[in-house]
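Peer 1: Position in the sequence shown counted from 1, then plus 219, gives you our numbering. Virtual Cβ for every residue (Gly too), placed ideally from N, Cα, C. Predicted model, so just to flag it, every value in this text is computed and none were measured.
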Amino acid sequence: MNAERFVQALQDAVVRDNLAVYADLFRMTPEQAVDPHWVRALSLFQNLDAEGKATLMDIVCQVMVETTANLLGIADGCCPVAGVKGSVGLVVNGRPIGGELQELFLELNEAG
């Protein structure tokens with residue numbers, strides 16, 4: 220698997236699929252939620268107008284993208300983590316993959 224296919228797979232699994240999960244969760248009513256955080260989140264979401272709901276979903280998406288990009292930067296070695304000594308990287312089928320994952324992922328998300 221090359222770097223481009225890897226970041227596309229991350230985009231599909233982490234951003235696209237999880238965004239669909241969150242969209243489904245926000246269709247619930249607070250009475251259907253069990254987790255107290257979701258009860259509050261659903262109450263907030265239901266009090267928003269259509270534009271506010273769209274904005275909140277855009278924010279959720281952006282947080283997913285930025286978090287994934289940060290993790291890829293760590294794996295690429297360009298974003299050090301305090302307290303972690305040694306190199307960090309990703310291996311797919313026994314082959315190191317990385318060095319440009321963060322950049323490729325961000326480019327993919329800029330393209331839409």
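So, does the CB of K304 fall closer than 7 angstroms to a CB anywhere in chain D?
Peer 2: The structure shown has no chain D; it contains just one protein chain.
Peer 1: Use the C-beta contact count for A288: other C-beta atoms within 10 angstroms, 16 or more gives buried, fewer gives exposed.
Peer 2: buried
Peer 1: Am I right that L327 and F225 are in contact with their C-beta atoms under 8 angstroms? What's the rounded C-beta distance?
Peer 2: Their Cβ separation, rounded to whole angstroms, is 11 angstroms, which puts L327 and F225 out of contact at 8 angstroms.
Peer 1: Are the CB atoms of I316 and L309 within a distance shorter than 7 angstroms?
Peer 2: Cβ distance < 7 angstroms, so L309 and I316 count as in contact.
Peer 1: Going by Cα to Cα distance, which pick from G305, V279, E223 is closest to D236?
Peer 2: Taking each of G305, V279, E223 in turn and checking the Cα distance to D236, the smallest one comes out for V279.
Peer 1: With A242 and M276 assumed to form a contact (beta carbons below 8 angstroms), what rounded beta-carbon distance in angstroms separates them?
Peer 2: Separation of the CB atoms of A242 and M276 is rounded to 7 angstroms, and the pair is thereby assigned contact status at 8 angstroms.
Peer 1: What residue does the alpha helix (DSSP H) around R224 start on, and which one ends it?
Peer 2: 222 to 229
Peer 1: I believe V307 touches G296 by the beta-carbon criterion, under 8 angstroms. Please report the beta-carbon distance rounded to the nearest angstrom.
Peer 2: That pair is a contact at about 7 angstroms.
Peer 1: I need the straight-line Cα distance from A222 to E285, nearest angstrom please.
Peer 2: 18 angstroms
Peer 1: With H, G and I counted as helix, E and B as strand and the rest as coil, what does DSSP make of V307?
Peer 2: Here V307 sits in coil by DSSP.
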